[in-house]
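For what it's worth, our numbering labels the leading residue of the sequence shown as 62, then goes sequentially.
Here's the structure we're looking at; comments come further down.
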Amino acid sequence: MIDPPTVRLPTARPSAPTLLRASRVTMEFGGLAALREVSFGLAEREVLGLIGPNGAGKTTLFNCLTGLYTPTAGAVTLRGRALPRDSARVTESGVARTFQNIRLFPTMTVQENVLVGRHVRMRQGVLSSLLHGRGFRRSEAEAANRASQLLEFVGLTTVSDELANNLSYGDQRRLEIARALATDPSVLLLDEPTAGMNAAETENTRRLILAIREQGIAVVVIEHDTKFIFSLCDRVLVLVQGAVLVEGGADEVQGDPRVIEAYLGAPPSDVDALIHGGRA
Ligand SMILES: Nc1ncnc2c1ncn2[C@@H]1O[C@H](COP(=O)(O)OP(=O)(O)OP(=O)(O)O)[C@@H](O)[C@H]1O
Ligand SMILES: [Mg+2]
Numbered sequence: 062m063i064d065p066p067t068v069r070l071p072t073a074r075p076s077a078p079t080l081l082r083a084s085r086v087t088m089e090f091g092g093l094a095a096l097r098e099v100s101f102g103l104a105e106r107e108v109l110g111l112i113g114p115n116g117a118g119k120t121t122l123f124n125c126l127t128g129l130y131t132p133t134a135g136a137v138t139l140r141g142r143a144l145p146r147d148s149a150r151v152t153e154s155g156v157a158r159t160f161q162n163i164r165l166f167p168t169m170t171v172q173e174n175v176l177v178g179r180h181v182r183m184r185q186g187v188l189s190s191l192l193h194g195r196g197f198r199r200s201e202a203e204a205a206n207r208a209s210q211l212l213e214f215v216g217l218t219t220v221s222d223e224l225a226n227n228l229s230y231g232d233q234r235r236l237e238i239a240r241a242l243a244t245d246p247s248v249l250l251l252d253e254p255t256a257g258m259n260a261a262e263t264e265n266t267r268r269l270i271l272a273i274r275e276q277g278i279a280v281v282v283i284e285h286d287t288k289f290i291f292s293l294c295d296r297v298l299v300l301v302q303g304a305v306l307v308e309g310g311a312d313e314v315q316g317d318p319r320v321i322e323a324y325l326g327a328p329p330s331d332v333d334a335l336i337h338g339g340r341a
């Protein structure tokens, strides 16, 4: 993996331009409101944490931010413009994501999985692709080059020819990040990127996310591991039963009694981290 940044970067300033904005996003399934008027802004170079108990609506919010779901009410904008309605066009417009339940192509190699992400940015026409013309070959070579760079960035160079299926769980999660980065996003949404990882892998992922931010990409990260969230994020948004309970700086949110209360039903380790401070 590339050298992680040794110093914490200056955090996003409140005056930094807003990249992504959700305004009163509501998502109903039948009679159930999974999201209720959720609003937040994501600034450039910001790492925003999204936490909340199981079923709070975190993944549903990502689905609304990526065109998988069309909110029942409310709006999502990217640089002030309405987000396209379908997920392929959302990716093209610069919002990429990973999934809580890993979605790789298991029988393709690691490198090929990243190339799939890269194809979003390839502009070769269908005819050129079919004829395998010079332009096609050049852009294929560029894509392969970029895929190799990304695999080095996430620390998967040595397994680039393995089938994705053969990777450890932690490596599969890193591969999903590489594939998302291959689309050249300005916003990256990570749904539980450290689920199933041990402490060392989790720390590597924390550093990887800081390195991603250093490249000018804003990140929203969902995690149940509050220690991870509070040591990584500039700001944290707490969702409970589909609504924003608290939003603020990591220190502020960590000590908020409403947040501690919302987590009382959660595993004791989570509550402990909230009460006693989770900073590494
Ligand atoms: N497609 C759907 N159809 C019906 N209900 C849904 C759908 N997607 C999500 N829900 C419901 O919306 C609520 C929020 O689910 P969501 O998956 O967003 O929670 P979450 O915060 O990501 O939880 P977890 O921490 O367990 O991943 C749940 O009650 C869930 O059952
Ligand atoms: Mg979820």
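Just so it is clear, CB atoms sit at the ideal spot from N, CA and C, and this is done for glycine as well.
{"Item": "Pull up the distance between the alpha-carbon of L80 and that of G110, whole angstroms please.", "Value": "16 Å"}
{"Item": "Closer than 6 Å by C-beta to N226: which residues in its own chain qualify, once you throw out the five before and the five after it? Chain order, please.", "Value": "P167"}
{"Item": "Which residue wins for smallest C-alpha separation from A94, given the options T121, R106 and Y324?", "Value": "T121"}
{"Item": "In whole angstroms, what separates the C-alpha of R142 from that of L249?", "Value": "18 Å"}
{"Item": "Excluding sequence positions up to five away, which residues of its chain have a Cβ less than 6 Å from the Cβ of A77?", "Value": "A104 and E105"}
{"Item": "Between L236 and N162, is the Cβ-Cβ spacing less than 7 Å?", "Value": "no"}
{"Item": "CB V177 to CB T152, shorter than 7 Å?", "Value": "no"}
{"Item": "What separation, rounded to the nearest whole angstrom, lies between the Cα atoms of G102 and R140?", "Value": "11 Å"}
{"Item": "Around ligand 1, what residues have a beta-carbon under 5 Å from a heavy atom of it, in chain order?", "Value": "F90, A95, N115, G116, A117, G118, K119, T120 and T121"}
{"Item": "Here's the rule I'm using: 16 or more other beta-carbon atoms within 10 Å means buried, otherwise exposed. How should N259 be labelled?", "Value": "exposed"}
{"Item": "Run the proximity test for Q210: is its beta-carbon closer than 6 Å to any non-hydrogen atom belonging to ligand 2?", "Value": "no"}
{"Item": "Starting from V297 and walking both ways along the alpha helix (DSSP H), at which residues does that stretch end?", "Value": "Segment R296 to V301 is the beta strand (DSSP E) holding V297; no alpha helix (DSSP H) there."}
{"Item": "Report, in whole angstroms, the separation of the C-beta atoms of E89 and G135, which I expect to be a contact under 8 Å.", "Value": "At roughly 11 Å, the Cβ-Cβ gap does not stay under 8 Å, so E89 and G135 are not in contact."}
{"Item": "Flag this pair as yes or no: are the beta carbons of L96 and G116 separated by less than 7 Å?", "Value": "no"}
{"Item": "On the DSSP bridge assignment, give the partners of M88 in chain order.", "Value": "L96"}
{"Item": "Do L129 and V137 have their C-beta atoms within less than 7 Å of each other?", "Value": "no"}
{"Item": "Report the rounded CA-to-CA distance for T133 versus R85, giving the unit in angstroms.", "Value": "10 Å"}
{"Item": "Can you give me the Cβ contacts of A157 inside the same chain, cut-off strictly under 6 Å, excluding the 5 residues immediately before and after it?", "Value": "A241, T244, P246 and L249"}
{"Item": "Quick one: measure Cβ to Cβ for L228 and Q172, integer angstroms, because I've assumed they're closer than 8 Å.", "Value": "At roughly 12 Å, the Cβ-Cβ gap does not stay under 8 Å, so L228 and Q172 are not in contact."}
{"Item": "Fully enclosed by the segment 89–161, which alpha helix (DSSP H) runs are 4 residues long or longer?", "Value": "119–126 and 148–154"}
{"Item": "With H, G and I counted as helix, E and B as strand and the rest as coil, what does DSSP make of I283?", "Value": "strand"}
{"Item": "Whose C-alpha, out of L126, A83 and A239, is nearest the C-alpha of R164?", "Value": "A239"}
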